[in-house]
Structure formats: structure tokens, C-alpha cells
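A quick write-up on the structure given underneath.
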Amino acid sequence: MIDVRPDVTEEFLMASNGPTDQVLVIPCSGIGKVHGLISREAVYRVTDALMPGHADTVCLALLVTGDAETREKVRHHPCITVDGCPKLCARKNVEMTGGEVALGVRVYDTLKRHRGAQFGSPTSLSDQGWQAVEEIAEEITQTVHQVVLK
Ligand code: SF4
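Its first residue numbered 5, the sequence shown is counted upward by one per residue in this note's numbering.
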């Protein structure tokens, strides 16, 4: 049984402006802290292992620089953004492009729930870092299920 997230409302699903057989999961591009690495690994876990075919990703830098193909893709698929810090670069850029955000994951909120844990470095995750990846990937997967299996 999948919990219904408050931000994946019937209104969102009705208003979604494209085919919902696939969701775009977009990590921020943070590279200086472990948060960015956790964001990216969680996204790859979903796109490559947990929901292949139902979840894909795009490069945030292409969206920021106005790449036409990337903008079209974002506008025509439900999106899940995964941000490493409160600047919320992924979420803001999807919204500025006109994309629909089904879920905005805030990695820093997940990490706060593990007070005292050592997650690794910007280039390498510890076991606790990989546990955080799994936790975030599960959260994303629940929303992908809700959107594509509605
Ligand atoms: S959300 Fe934070 S960590 Fe991610 S790219 Fe933006 S400033 Fe960097």
C-alpha cells in the first residue's frame, strides 16, 4: 500500500501537462558537499534500478542554460526534484521552466533526521550515506508509483 503524499493531489494529477507513464527525477548539481552526491545517487537508484522505464532524468545545467529539448521534456512530464540545500536550484528551475513538481525532495531534511551520522564526502559515500540514498530513493519511488500507476 502506497501512502498518498500531500503534494501529489488529484488536482496535480489532473493538471499534469503531459504523458504520465514516465516521471522526470531531477537532482540539483551541488558538487561541493556530500548532499549533492546523495541527491544524484538517489536519482540513479530510481532511474536505473527501482523504476527503469518509468523514471528518467535530465541534466539540470541544460535546463538552466535554456536547452530547448530539455525544456520541452520538463514541460511535458511530471517532475520530482531532489535538492541538496535550501536554495532549491532544481525545484526553482523546473518551476521557472513551466514544469509541474509532483514532489520536491529536500535532502538536507532527510539528513537532519540522522543526527550525528557521517555520510561521507562530496566524492564518496559511507555506509550511512548509502542508507540515506536508499531512504530518499524509496520516497521518490512512492511518488513515481502514484503518478504512473494512477
Ligand atoms: S540546491 Fe544547493 S547544493 Fe544544490 S545546486 Fe543549488 S546551491 Fe548547490
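Built from N, CA and C at the ideal position, the CB exists for glycine as well.
Taking 7 Å as the limit between beta carbons, can you name the residues of its chain near residue 143, skipping five residues before and five after? Walking along the sequence shown from the start, residue 143 turns up at place 139. 109, listed in sequence order.
Classification of residue 87 by the beta-carbon crowding that lies within 10 angstroms, buried from 16 upward: Start at 1 with the first residue of the sequence shown, and residue 87 comes out as number 83. Buried is the call here.
Helix or strand or just coil, what does DSSP make of residue 59? Translated into the one-based positions of the sequence shown, residue 59 becomes position 55. Here residue 59 sits in strand by DSSP.
8 Å Cβ cutoff met for residue 79 and residue 67: What you label residue 79 is simply residue 75 of the sequence shown in a count that begins at 1. What you label residue 67 is simply residue 63 of the sequence shown in a count that begins at 1. No, the Cβ-Cβ distance between residue 79 and residue 67 is not below 8 Å.
For residue 40, the three-state DSSP class (helix, strand or coil): Here residue 40 is taken as the residue at index 36 of the sequence shown, counted from 1. In the structure shown, residue 40 falls within a helical segment according to DSSP collapsed to helix, strand and coil.
Give me the DSSP bridge partner(s) of residue 103. Residue 103 sits at position 99 when you count from the first residue of the sequence shown. In DSSP, residue 103 forms no bridge with anything.
Residue ranges of each beta strand (DSSP E) run of no fewer than 3 residues wholly in the region 124-152, ordered along the chain? Listed in chain order, nothing qualifies, since the region 124-152 has no complete beta strand (DSSP E) run of 3 or more residues.
Might you give, ordered along the chain, the residues of its own chain that have their beta carbon closer than 7 Å to the beta carbon of residue 136, omitting 5 neighbours on each side? Residue numbering aside, residue 136 sits at position 132 when the sequence shown is read from its first letter. Excluding positions up to five away in sequence, the list reads 42, 114, 115, 118, 123.
Under the rule that 16 or more other beta-carbon atoms within 10 Å means buried, what is residue 65, buried or exposed? Along the sequence shown, read from residue 1 onward, the residue named residue 65 stands at position 61. With a 10 Å radius around the Cβ and a threshold of 16 neighbouring Cβ atoms, residue 65 comes out exposed.
Apart from the five residues on each side of it in sequence, which residues of its chain come closer than 6 Å, Cβ to Cβ, to residue 7? Along the sequence shown, one-based indexing puts residue 7 at 3. Unreliable placement is indicated for residue 7, whose pLDDT of 39 sits below 50; the coordinate value is still reported in the next sentence. For residue 7, there are no CB contacts under 6 Å within the same chain when 5 residues up- and downstream are skipped.
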